[in-house]
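Asker:
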Amino acid sequence: MNNFGRKIKRLRLQKEASFQIVGDAVGCSKAHIWKLEHGVATNPRIELIIRMAKYFGVSPSYLYKDGALK
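Position 19 of the sequence shown, counting from 1, maps to 40 under this note's numbering, and the rest follow consecutively.
#1: For G78, does the three-state DSSP call read helix, strand or coil?
#2: Given this structure, state the Cα-to-Cα distance separating N24 from I70, to the nearest angstrom.
#3: May I ask you to verify whether the region 78-85 touches the region 46-56, counting CB pairs closer than 8 Å and requiring at least 3?
#4: Is the distance from the Cβ of G78 to the Cβ of G26 below 8 Å?
#5: Measure the C-alpha to C-alpha separation of K30 and R66 and round it to an integer number of angstroms.
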């Protein structure tokens, strides 16, 4: 799991949201959210990152911070 995945997982659990709820809210599948959390998908589109940041109430730069997507 990369930094991005850890951040997404922590934010999702804080919201007590399932993969399905987050996926529906940001316009992707629950499987894709799982893959992002586990580092299987490592190159999310900027549009998705912006929607995720908005959903979780954080800035897109927070999700990018500290090389989160490397």
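Positions of the beta carbon are idealized from the N, C-alpha and C atoms, including for glycine. Computed from a predicted structure; not experimentally measured.
Answerer: On the basis of the coordinates in this document:
#1: Numbered from 1 along the sequence shown, position 57 holds the residue referred to as residue 78. Of the three classes helix, strand and coil, the one that applies to G78 here is coil, per DSSP.
#2: Taking the first residue of the sequence shown as position 1, residue 24 is located at position 3. Taking the first residue of the sequence shown as position 1, residue 70 is located at position 49. Those two C-alpha atoms are separated by around 14 Å.
#3: no
#4: Numbered from its first residue, the sequence shown carries residue 78 at position 57. Numbered from its first residue, the sequence shown carries residue 26 at position 5. In this structure, G26 does not lie closer than 8 Å to G78 by Cβ.
#5: For the purposes of this step, residue 30 is identified with residue 9 of the sequence shown, where counting begins at 1. For the purposes of this step, residue 66 is identified with residue 45 of the sequence shown, where counting begins at 1. So the two alpha carbons sit approximately 18 Å from each other.
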